[in-house]
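In the working numbering, the protein residues as written are 2 to 36.
All C-beta atoms, glycine included, are put in the ideal place defined by N, C-alpha and C.
No experiment lies behind these values; they were computed from the predicted model shown.
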Amino acid sequence: MIQKLILKNFRKFTDRTFEFDKNITIFYGSNAQGK
Numbered sequence: 002m003i004q005k006l007i008l009k010n011f012r013k014f015t016d017r018t019f020e021f022d023k024n025i026t027i028f029y030g031s032n033a034q035g036k
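Below you can see the structure in the form of structure tokens.
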């Protein structure tokens, strides 16, 4: 299971951390929005 995602200098994210809950997490959005 993915618990944490760290993005550094990736597309529009210079330094961003995402921490995920044990529940279901869903990402959605238009293309090229950084999801």
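- Query: The beta strand (DSSP E) with Asn10 in it runs from where to where?
  - Reply: Taking the first residue of the sequence shown as position 1, residue 10 is located at position 9. Segment 5-11, the beta strand (DSSP E) holding Asn10.
Report yes if the C-beta distance between Lys5 and Phe14 is below 8 angstroms; otherwise report no.
Walking along the sequence shown from the start, residue 5 turns up at place 4. Walking along the sequence shown from the start, residue 14 turns up at place 13. Cβ distance not < 8 angstroms, so Lys5 and Phe14 don't count as in contact.
With 8 angstroms set as the bound, which would you pick, yes or no: does the beta-carbon of Asn10 sit closer than that to a beta-carbon of chain B? Here there is only one protein chain, and chain B is not present.
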